[in-house]
Structure formats: structure tokens, C-alpha cells
Amino acid sequence: MAGMEGLEGIDMEAMMAQMTEMWNSMSSGQMGDLTALAAGLGGMGDMSALAAMMGADTSGSGNGWNSGTGAWNSGGAWNSGGWNAGGWSGGGKKGAKGGSKGKCGAKGGKDNGKGKAAMKIAAGETVYGGQLKSFNVEMNRGYIICEDVLGMCGRDVYAFKDVLEQCGAGPGDTLCFFLHWSGKGQPQASSPALRLAVAGEQGFALKGTYKAGNDQEKGFGFIQCAQTRDYYGRDVYVHKDLAQNLLPGQTVCFNVKLNRDGMPNATSAMPCDDAWEPTP
């Protein structure tokens, strides 16, 4: 057999029988794990040939190649929800492009293990910022205005109800989010999202601890906030005009805007009780 030179001393028939038994007993999850092997062997064609060579069932349902949950052609693998639906064919290239740009976002960096947002950023995804323009209660959806996305595709960002509920954002609020491209090429907000500012500054979106800057003459300071650090990898900058009303170590409630570099700056801040929490 081609490619088998040097293996004459091995009982190939017995080995192939064992491999066939293992193949046909694999679970859906194990089949999904063969994605990397498929790439290493040159793709689906080589894998199908290998399966046929072993006498495995390549056309059945369940754990086979063509149908069933988690198999190669349905579920979470090559065609549905994988490379085509949410990947290369269905707007995935646009998504990849969007993931590498965006003034409103932080990109790259090391995974600091502090949360899901930090993990997605470490994987190369970009954080975008925008304002929730509207929300349709009957349709359970809203739209976010984001200049970066408008520049890419000329469209507002579609936002599902669960994404907005997770961060407590309502119409007029500013939020940051990740971006997903649907199979139709529509930009959609992806979790986790974070509300950065309340509409019209009629309240506060975030809570943190104030600390003074290292230059007393300039008078600026910073707010330490685990949520914003998870997205931006730094403390929130506080201008001296706001900082003069705050004391180091105080718990503060505040709102944020993103500067031209996409970094968080406090737009309003005031001392609050340690038990205070933002409300949707």
C-alpha cells in the first residue's frame, strides 16, 4: 500500500480492524476533535479516504461524517455554525476584518485571566464602542450606532435582547461590545458587553475606587474598576476637574467615554456607598 513502506513487519489487517472499531465507536465530541487532524491530512478528502480505507461508515447518521449532532457536515463543525455559517462564507471575512480594526477598541494583549472579555481580547478580538439607538420590545432587538462599524459596512449594529440585558443597557446608553457577523453579513453585538455611561448622565453606569495620579501639580487621578480593566487593560483616567472632588480610596460611581484612542475616560464621578450598584 502506498505510504506504508517500512511497515511490513506489522499485522496491518489486525491494526486496521482495531482502528475501524475505534472509529465507529467514537462520540460526537470526539469526532469534532478531529478537525485538527483533518487539516493536517490535507482536509476532508484525505479524512474521507482514510475512513473508507478502514471500512468505517461515512454516510450514516449520528457519529458519522455527513449527519448527526456535532458531525462534520452539521452542527458545530464545517458547514453549520463553523467555517461557513459564522465563518469564512457567511460574512466571516468581514468579521475578521472588523476584528483587526476599530478606534473604539482594544486589541490583542495577554490573557490576564480576569474575565471572558480579557480572554476574547487575548484571542485577537476587538472591543467596539457605541450608543444604543433604539430597542424594539416586541421584536426583542435593538440597534447600536458605532462609527467604526458604520465606516466598515455602512450599517448599525444589531443587538439581541439578551446581550443588552446582560449589561443593563437601555436606549441612549453608551456601551462596549464585541462584534459578530451573521451569515447574511449583518454586524451583530456579541457578549460580553459592558454599559459605560447612562443616557444623558442621568445616573451612573459603573462603580470603582479612586486613586490619585503620580503628579500632584497636574491633579489628575484614576478609577480602579475590574469591569473596565477587563476590556481595556488599564484604570479609568480622571481629569483634574473631576478629581478635585474625590479622595484616594473612596468608592465612586461614574460614567465613561472613550477618547480618540479608544481608552476609557471618566465623564462624571462622585463618591458613593460601598453597597451601591448601578441599575438598568
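With the numbering used here, the residue at position 67 of the sequence shown is 760, and numbering never jumps. All residues carry an ideal CB built from backbone N, CA and C; glycine is no exception.
Item to check | Status (buried if at least 16 other CB within 10 Å, exposed otherwise) for Val-856 | outcome: Per the 10 Å Cβ criterion, buried.
Next on the checklist: Going by C-alpha to C-alpha distance, which of Phe-915, Asp-966 and Tyr-851 sits closest to Ala-658?
Outcome noted: Residue coverage of the chain in this structure runs from 694 to 973, which leaves residue 658 outside it and unanswerable.
Checklist entry - With 16 other CB atoms within 10 Å as the buried threshold, where does Asp-954 fall? => result Result: exposed.
Checklist entry - Quick one: Cα of Gly-901 to Cα of Val-931, how far? => result So the alpha carbons of these two residues sit roughly 12 Å apart.
Checklist entry - Since Pro-973 contacts Gly-861 with CB under 8 Å, what's their CB separation in whole angstroms? => result Right, the Cβ-Cβ distance comes to about 4 Å (below 8 Å), so this counts as a contact.
Checklist entry - Curious, which full-length beta strand (DSSP E) runs of at least 3 residues does the segment 825 to 869 contain? => result DSSP assignment within the segment 825 to 869 yields the following whole beta strand (DSSP E) runs of 3 residues or more, N-terminal first: 834 to 838 and 850 to 853.
Checklist entry - Should the segment 941 to 953 be regarded as contacting the segment 871 to 884, the criterion being three or more beta carbon pairs within less than 8 Å? => result Because the criterion of three Cβ pairs below 8 Å is not met, the segment 941 to 953 and the segment 871 to 884 do not touch.
Checklist entry - With respect to the alpha helix (DSSP H) encompassing Leu-940, which residues constitute its N-terminal and C-terminal limits? => result In this chain, Leu-940 is not harboured by any alpha helix (DSSP H), its DSSP state being neither H nor E.
Item to check | Backbone secondary structure at Gln-920 - three-state DSSP | outcome: Three-state result, Gln-920: helix.
Checklist entry - Out of Tyr-836, Asn-948 and Tyr-925, which has the shortest C-alpha to C-alpha gap to Leu-935? => result Ranked by Cα distance from Leu-935, the first of Tyr-836, Asn-948 and Tyr-925 is Asn-948.
Checklist entry - By the 10 Å Cβ neighbour count, where 16 or more other Cβ atoms means buried, how is Ala-968 classified, buried or exposed? => result Flag for Ala-968 reads exposed.
Next on the checklist: In this structure, how does DSSP classify Gly-823 when only helix, strand and coil are distinguished?
Outcome noted: The answer is strand: DSSP assigns Gly-823 an E or B state.
Next on the checklist: By the three-class DSSP mapping on this structure, what secondary structure does Ala-905 have?
Outcome noted: Here DSSP, grouped into helix, strand and coil, assigns Ala-905 to strand.
Item to check | Per-residue burial, Ala-962 [other beta carbons within 10 Å of its own, 16 or more giving buried] | outcome: With 16 or more other CB atoms across the displayed protein chains lying within 10 angstroms of its CB, Ala-962 is buried.
Item to check | Exposure of Asp-841, with buried meaning 16 or more beta-carbon neighbours within 10 Å | outcome: Asp-841 comes out buried.
Item to check | Cβ pair Cys-869, Gly-822 closer than 7 Å | outcome: Result yes, Cβ atoms of Cys-869 and Gly-822 sit closer than 7 Å.
Checklist entry - Who are the Cβ neighbours of Lys-813 in its own chain at under 7 Å, not counting the five residues just before and after it? => result Counting only residues of its own chain and dropping the five nearest sequence neighbours on each side, Lys-813 has a CB closer than 7 Å to the CB of Phe-871.
Checklist entry - Whose C-alpha, out of Ala-810, Leu-940 and Pro-864, is nearest the C-alpha of Val-891? => result That would be Pro-864, whose Cα lies nearest to the Cα of Val-891.
Item to check | Between the CA atoms of Gly-876 and Gln-965 - distance to the nearest angstrom | outcome: What sits at residue 965 in the sequence shown is Cys, not Gln. Cα to Cα, Cys-965 sits roughly 45 Å from Gly-876.
Next on the checklist: Assuming Met-963 is part of the beta strand (DSSP E), what are its boundary residues?
Outcome noted: Taken as a continuous stretch (DSSP letters only), the beta strand (DSSP E) holding Met-963 covers 957 to 964.
Item to check | For Ala-811, the first and last residue of its enclosing alpha helix (DSSP H) | outcome: Unbroken alpha helix (DSSP H) run through Ala-811: 809 to 815.
Checklist entry - If you drop the 5 nearest sequence neighbours on each side, which residues of the same chain put their C-beta closer than 6 Å to that of Cys-839? => result Here the set comprises Tyr-821, Gly-823 and Val-850.
Checklist entry - Quick one, are the C-beta atoms of Leu-887 and Tyr-924 less than 7 Å apart? => result Cβ distance < 7 Å, so Leu-887 and Tyr-924 count as in contact.
Item to check | For Ala-886, the three-state DSSP class (helix, strand or coil) | outcome: Looking at Ala-886 - three-state DSSP - the assignment turns out to be strand.
Checklist entry - Quick one: does Ala-890 have its CB under 7 Å from some CB of chain C? => result Note that chain C does not occur in the displayed structure, where there is just one protein chain.
Item to check | Collapsed DSSP secondary structure at Gly-914 in the structure displayed | outcome: Looking at Gly-914 - three-state DSSP - the assignment turns out to be strand.
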